[in-house]
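Residue numbers (my numbering): 18 to 212.
No residue lacks a Cβ here, since even glycine has one placed at the ideal position from N, Cα and C.
Quick notes on the structure that follows.
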Amino acid sequence: MLKQSNEPSWSVVTVGTEDLNFAIYVACTYDLLPKSWPFSESKRWTSTNPSVDLTRTEKSVLSTQWLEWWNQLVRVRSLHEHNFDLYRPTYFESMDQELGQACRDTWQAFREWWHMPAGGNIAMIHWESAENVGQYVKEFEQRMNRKARPFRLRVDLVYTGLDDLIEVTDEYVIMPIRSPRENRFWWTQKINAIG
């Protein structure tokens with residue numbers, strides 16, 4: 018974050034949020050991710066196997082339930098709120114039966130992976146600081162010969178499951194973890210638009 022006259026002129030908050038990562042983990046475990054952008058056909062990962070083999074009809078029902086839950090999680094995150102209540106074991110009881118069971122069956126494996134020494138949470142902490150946004154803003158300011166206008170941007174990182182980022186609002190983005198060089202074009206365009 019840069020400061021101008023003791024007030025922040027811009028900020029980018031990058032977080033590897035547990036709720037969205039758990040939802041993607043469930044979808045990867047049961048092969049529920051939509052077969053369309055921005056979800057990935059190839060960038061899927063889980064550390065567990067599904068607890069049951071699903072029929073095509075059961076998988077279709079579960080996929081629909083999962084997508085509704087994902088959209089609910091994203092909507093709440095876009096309102097600057099936390100989703101703690103929407104992905105805890107106590108909440109699974111209130112979900113549709115199929116999705117609640119899938120969440121219960123994957124919860125422990127996800128938590129073990131998320132909190133292991135080289136697991137998801139540690140990966141998120143590394144990637145939260147990987148983007149060199151300050152350098153991109155500095156380049157913008159040099160090119161424009163002025164300070165960037167004040168802006169705030171929140172970026173939620175997901176470990177797997179997305180081919181591309183999701184710009185939910187002007188101030189909120191969901192981004193797959195990847196090399197900062199791969200996101201440079203997007204950051205440059207974004208700073209040009211809001212800075």
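Expected contact under 8 Å - CB spacing of residue i and residue j to nearest Å
i: T46; j: T123; result: 5 Å
i: P55; j: D187; result: About 17 Å; that fails the 8 Å criterion.
i: G33; j: M192; result: 10 Å between Cβ atoms; not a contact.
Spatial neighbours of residue i in its chain, beta-carbon cut-off 7 Å, leaving aside the 5 residues before and after
i: F109; result: G117, C120 and R121
i: Q21; result: For Q21, the predicted structure reports a pLDDT of 47, less than 50, and the residue's modelled location is therefore unreliable. A value from the coordinates is still provided. For Q21, where only same-chain residues beyond five positions count, the Cβ hits under 7 Å are K164.
i: T63; result: Y42, C45 and T46
i: G136; result: W130
i: Q82; result: D113, E115 and L116
i: L84; result: P51
i: R80; result: Correcting the residue type first, residue 80 is Ser in the shown sequence and not Arg. Excluding sequence neighbours, S80 sits near L49.
i: R61; result: C45, L50, T177 and G178
Beta bridge counterpart(s) of residue i as assigned by DSSP
i: T186; result: Y189
i: R171; result: V30 and Y189
i: L37; result: Paired residues: none, contrary to the question.
i: L179; result: F56
Pick from the options that is closest to residue i, judged by C-alpha positions
i: E156; options: K60, R201, S68 and T107; result: R201
i: E184; options: Y104, S95 and E75; result: S95
i: N66; options: D48, K76 and P55; result: D48
i: W144; options: W54, R195 and P167; result: R195
i: Q125; options: Y104, R61 and I208; result: Y104
i: V78; options: S57, D113 and S53; result: D113
i: S68; options: E115, E58, G33 and K207; result: E115
i: W204; options: R166, P51, N138 and N149; result: N149
i: W86; options: N162, L50 and R169; result: L50
i: P106; options: V93, R128 and N88; result: R128
i: A210; options: T74, H97 and F168; result: F168
Close beta carbons around residue i, own chain, < 6 Å, minus the five adjacent residues each side
i: R171; result: V30 and Y189
i: G212; result: F157, A165 and R166
i: T72; result: none
i: L182; result: V190 and M192
Cβ-heavy atom distance, residue i to the ligand ZN, below 8 Å
i: W204; result: By its list of ligands, the structure shown contains no ligand whatsoever, and the ligand ZN lies outside what it can speak to.
Cβ-based neighbour list, residue i, same chain, cut-off 8 Å, excluding 5 preceding and 5 following
i: L90; result: D36, L37, A40, N100, L103 and Y104
i: Y153; result: R201, W204, T205 and I208
i: K52; result: E58
i: S111; result: G117
i: H132; result: N138
i: T74; result: none
*Can you list, in chain order, the stretches of the beta strand (DSSP E) that have 3 or more residues and sit fully within the segment 54-109?*
none
*Completely contained alpha helix (DSSP H) runs for the segment 140-165, where each covers 4 or more residues*: 150-161
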